[in-house]
Amino acid sequence: MRFTVLGPVEVAAPGADAPRLAPRHRAVLAYLLLHVGTVISTDRLIDAMWGPLPPDSARAQIQTTIAAIRRMLRASGADGILATRAAGYVITTGPGQLDLDEFTGLIAEAPAGSGDPGDTAGRIRAALALWRGEPLADITAHYVESARARLTGQLLTAVERLADLELARGRHDDLIDELSVHAAAHPLRERLCCQLMLALHRAGRQTDALHVARTFRATLAERQGLDPGHAFGKLEQDILRDAPDLRPPLTAQRPAKPQGTNFLPYDVPDFTGREDEIDGLVRRWSGSNGGNGGVVTISAIDGMAGVGKTTLAVHAGHRLADHFPDGQLFIDLQAHTAGQAPLDAGTALEVLLGQLGVPAQNIPASVADRAALWRSELSGRRVLAVLDNALGADQVRPLLPGSSRALILVTSRRRLTDLDGAHALSLDVLPAAEAVELFTAIVGERAAAEPLAVLDVLQLCGFLPLAVRIAAARLRHRPRWTVAHLADRLRDQRRRLAELATSERGVAAAFTLSYLQLTEDQQRMFRLLGLQPGRDISPEAASALTGLPLRQAEDLLEDLLDAHVLTQHRLGRYTFHDLLREHALATAAAEEPADARREALGRLFHHYLHTASTAIDHLYPEGKHHRPRIPAPATPTSPPQDEAEAIAWLDGERANLMATGQYAAEHDWLAHTGQLAATLHRYLLGHAHQADALALGGLALRAARRSGDTAAEARTLIDLGQVHFWWHGAYEQAAEHYRHALDLAREIGDQGVAAGALQALGGVSRRRREYDRAHDHCARALVLFRELGDRAGVARCLTDLGIVHERQGRYEDAHEHHRQALDVYRETGSRIGETVVLNNIGLLCQRQGRYDEARRHHGQALELSRRFDFPGDEAESLNALAEAARCLGDLDGAVAEHDTALTLAREVGYRPEQARAHDGLARVHRDLGRVDLAHDHARQALDLYTALAVPEADEIRAFLTGLAPTANEDAAANGR
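With positions in the sequence shown counted from 1, the corresponding number in the working numbering is that position plus 71.
Here it is, written out as structure tokens:
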């Protein structure tokens, strides 16, 4: 059995993992382990766990916890370790069972002032090797802070003893990295700072030594208002004047560095997730270099700033350390370190050779010789090296070993595509579950109390590990904050990046370093991409935004993708992480003149509008003369070439087009808002994007009114009315829009708009079965359209008049009007018009009892609606096919087609066709004798018809009345 407290509190059973304890149980176990051999009373445990304000259930919780610990120990075959005494509980461990006992034992075996200094230093190093991070790292309890401080004090005392020994033996070069790590973690430890200063001075780095001294003075004054002690001041002066007594002893001999030295940084105790990535690294090393041969395994870990590359590499290094007994090395190549230039190969090799134990005087001057020595030193050794924060493959390549059983982990914000033989691992943001686990590990029980608010915070952090850590740390140090309060602060986009920062690190600072590593052209692309309102961007749109040729724009996008400042979720589409988007926008505001920003957006908006116009012309050619004519932009584009490409482009860019319309309306691009709405209306209406049609139409209506464009206002009112009419069945609301548009058209003398409003009002009257009024409206509109030479308007009126004639029983007139309309639609290439007329001809055939012919026309309409993605017309075709099938006696086929129509109509929010499908299903199920189903569908049809305020409500109500006797008779029969 093995217990550890010098890092995460863990229990390991021989040959298997011990059962996992809950956090509170591990806290009690850790307290008992800190007092091995001492009987601890229940009252003392309560005070240790909760302090002066324990919960009422504290005693019961302690008893439950002791029982849980016993179960874990019993399952691991170590039940006798925990005993109950009259005064409380006691844990007794044996040799090698507790890392703290081992640590204190090894320190005790390293007496000061006697014995072999090398042996003493070796024992201290062995003791320090037991530490795996912050003591009691994953424990939360009242006693933890003081216990952790006490243990950390023991660690630092041992480090300082070791430093004194090594400095006396002339091993100052070996100490610098170790002391730097500890001094950074404990910046107020004066003795540690002095030892680092002395080691740097003896290594010929006087400037660095004095910088350490100045930093210590400033930190001490800022945090405690004190000056350093006399010994510190004397050492600082001696370094300044290069005092002879600071030189290493002449008798000191510098032996070769012992094997197994670990230079890996601190492994964070709350490391969370990334198990697949870690397992992949372990498997890859095991598969290529598991102990035989001289193959070097290189894994290049890349990802955006703050995604946790270094944390992953260091954690993996610690996990794999036992497989590399010849040492674990680490170097920061400083590609993205504030205020530092990236390390050159010569300096990096000097550091790495020093970590291997090569004396400074034996390190050659030239880079080539150092690289050769590095390869020679690694030959035959099993070493793990983390090359962190690399600028690119050129910086890393000279640091790679030759033939060696080494594992090299490289981290970089760029994809190292030119690093031959390397296994690439690109890190993404954390999955939601792992982000919750990380946040909870840092915050503690407060997170569990507000799970929904935690998700809000994580989404606002974009699941970026650095952002999650900073947000969690802010919350942990503000006990009065709730998680919901933190989420509210992060929702303010103007200060979100400022919230995600501490005095030592921040998301924006990390992003800035990535930005500064870009070329000038890449920086400009990054800035301008921050301006675009949409969620992603295509190379063509980026070309328009920047005014660059398409090929150059695409190359820059790929460069930014490799630099991990852009991501790509779909081929040919580039997007930002949410926080990087905010940073890009802020950078553009700071570095791009206002005129340049507006010009860039103008180019982008023009590109979207022109390409959308071209796409709509392919799909709805009959109405092109009514839509705004958009000239080709200066930047060459690749507009859609046919209907299929048009639909694909519009579907792919719809979200961006909507975002553009919203931005234009909010930033006084009023003309663009109106043009975009007018251009996209037929597409949004016909492809079941009614919510977008209403939103964009509403923006256009406000823009038209603000700019005083009465004609645009009238046209937009008609467009909005059509959405209410077709999809929602809100006929009175639609009629109000149409009447208002008609009044405006007459006011300004716009016959085209007037004709459109009259034709639309005819549709409302027809739906209400006011056929004479419908005929009057459509006939007047037909005259106006013919006077204007508007063939598309003429075709629409002919279609509507054909429907009116069919409802009035004037079948020949109806056929003639539909035939004329179909000819116009086919001549102009209007697929949607052809689909509508085919369905209407099919309904006319049904009225005449020609059901097979009706199904043929409806089938053609269905094929067109599916081919060109007209979901509303598809639902209409299916309902019509079902009605014809019922008349032909194919009741099962009718049920299937009505069901499909109902499902589709529900999916796209087409209320009139939902009502029609329920109505049809009620009648077919009645015919099949399924009275309960018929009643259920009839009730749903009645609810919809009533809401639509149409005459069909009375018909389905009568149908329900007719069902009632049948239902009663069935009930009576069942009773008999």
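The beta carbon of each residue, even a glycine, is placed where N, CA and C say it ideally should be.
(request) Mark Arg-994 as exposed unless 16 or more other C-beta atoms lie within 10 angstroms of its C-beta, in which case mark it buried. (result) Under this definition Arg-994 is a buried residue.
(message) Can you look up Ile-369 in the DSSP assignment and give me helix, strand or coil?
(response) In the three-state reduction of the DSSP assignment, Ile-369 falls in the strand class.
(message) Quick check on the DSSP output: what are the complete alpha helix (DSSP H) runs of length 4 or more inside the region 840–926, in order along the chain?
(response) 842–859, 862–878, 882–899, 902–918
(request) Run the CB neighbour count on Gln-426, radius 10 Å, all protein chains shown included, and call it buried at 16 or more, exposed below. (result) buried
(request) Only counting runs of 3 or more residues, tell me where the beta strand (DSSP E) segments fall wholly within the region 384–426, in order along the chain. (result) 399–403
(message) Mapping the DSSP letters down to three states, classify Leu-169 as helix, strand or coil.
(response) strand
(message) I need the straight-line Cα distance from Trp-552 to Ala-518, nearest angstrom please.
(response) In this structure, the straight-line span from the alpha carbon of Trp-552 to that of Ala-518 is close to 11 angstroms.
(request) Give a yes or no on whether the C-beta atoms belonging to Leu-1056 and Leu-470 are separated by under 8 angstroms. (result) Nothing can be reported for residue 1056, as the shown portion of the chain is limited to 72 through 1047.
(request) Kindly provide the ranges of any alpha helix (DSSP H) runs that are 4 or more residues long and lie completely inside the region 81–114, ordered along the chain. (result) 94–105
(message) Considering just the uninterrupted stretch of the alpha helix (DSSP H) at Val-1002, what are its terminal residues?
(response) It spans 1002–1019 - the alpha helix (DSSP H) in which Val-1002 sits, taken as one unbroken run.
(request) Over the uninterrupted alpha helix (DSSP H) stretch that includes Ser-684, give me the two end residues. (result) 665–690
(message) Which residue marks the beginning of the alpha helix (DSSP H) containing Ser-497, and which one marks its end?
(response) No alpha helix (DSSP H) holds Ser-497; the beta strand (DSSP E) holding it covers 494–497.
(request) For the alpha helix (DSSP H) containing Gly-473, list its first residue and its last residue. (result) For Gly-473, no alpha helix (DSSP H) segment is defined, and its DSSP state is neither H nor E.
(message) Quick test of your reading: Thr-781 and Leu-815, contact by CB under 8 angstroms. State the CB separation rounded to the nearest angstrom.
(response) Confirmed, about 5 angstroms.
(message) Closer than 8 angstroms is the cut-off here; do at least three beta carbon pairs connect the region 887–906 with the region 852–869?
(response) Touching, yes, given that three or more Cβ pairs across the two stretches are closer than 8 angstroms.
(message) With H, G and I counted as helix, E and B as strand and the rest as coil, what does DSSP make of Asp-739?
(response) Note: Asp-739 maps to coil in three-state DSSP.
(request) From the DSSP output, in three-state form, read off Phe-534 for me. (result) In the three-state scheme derived from DSSP, where H, G and I count as helix and E and B as strand, Phe-534 is classed as coil.
(message) Between which two residues does the beta strand (DSSP E) holding Ile-152 run?
(response) Segment: none, Ile-152 is in no beta strand (DSSP E) and carries neither H nor E.
(request) Would you please state the rounded distance, in angstroms, between the beta carbons of Asp-713 and His-689? I believe it to be under 8 angstroms. (result) 6 angstroms
(request) Tell me where the alpha helix (DSSP H) around Tyr-802 begins and ends. (result) 802–819
(message) So, for His-494: in the same chain, excluding its five sequence neighbours on each side, which residues have a beta-carbon less than 8 angstroms away from its beta-carbon?
(response) Answer for His-494: Arg-355, Thr-368, Ile-369, Ser-370, Ala-371, listed in chain order.
(message) Using DSSP's beta-bridge definition, name the partner residues of Ala-461.
(response) Ser-483
(request) Verify whether the separation of the beta carbon atoms of Pro-604 and Ala-406 is less than 8 angstroms. (result) no
(request) Just the C-alpha distance for Gln-793 and Arg-837, rounded to the nearest angstrom, thanks. (result) 14 angstroms
(message) Using 8 angstroms as the cut-off, can you tell me whether the region 304–320 makes contact with the region 220–229, which would need three or more C-beta pairs spanning the two stretches below that distance?
(response) Taking 8 angstroms as the limit for Cβ pairs, the verdict is that the region 220–229 does not touch the region 304–320.
(request) Have a look at Asp-847 and Gln-639 and give me their C-alpha separation to the nearest angstrom. (result) 56 angstroms
(request) Have a look at the DSSP bridge pairing and note the partners of Arg-644. (result) Arg-641
(request) Specify the secondary structure class of Phe-941 as computed by DSSP and reduced to three states. (result) Here Phe-941 sits in coil by DSSP.
(request) Express the C-alpha separation of Leu-496 and Arg-485 in angstroms, rounding to a whole number. (result) Near 11 angstroms, if we compare the C-alpha coordinates of Leu-496 and Arg-485.
(message) Using the Cβ count rule (16 or more neighbours within 10 Å means buried), how would you classify Gly-912?
(response) This sequence places Ile at residue 912; Gly is not what is there. The residue in question, Ile-912, is buried, as its Cβ has 16 or more Cβ neighbours within 10 Å.
(request) Please determine if the region 982–997 and the region 1027–1036 are in contact, where contact requires at least 3 C-beta pairs separated by less than 8 angstroms. (result) yes
(message) Relative to the C-alpha of Thr-787, which candidate in Ile-349, Asp-440, Ala-766, Leu-975 has its C-alpha closest?
(response) Ala-766
(request) Evaluate the contact criterion for the region 539–556 versus the region 383–392: three or more CB pairs, one atom per stretch, below 8 angstroms. (result) no
(message) Suppose contacts are defined by Cβ-Cβ distances below 8 angstroms. Is Arg-902 in contact with Phe-939 by that definition?
(response) Yes, they are a contact pair.
(request) Tell me, please, whether the region 337–347 touches the region 599–615 by the rule of three or more beta-carbon pairs shorter than 8 angstroms. (result) Taking one beta carbon from each stretch, the region 337–347 and the region 599–615 have fewer than 3 pairs nearer than 8 angstroms; the two do not touch.
(request) Apply the 10 Å Cβ neighbour rule to Ser-447 and answer buried if 16 or more other Cβ atoms are within range, or exposed otherwise. (result) exposed
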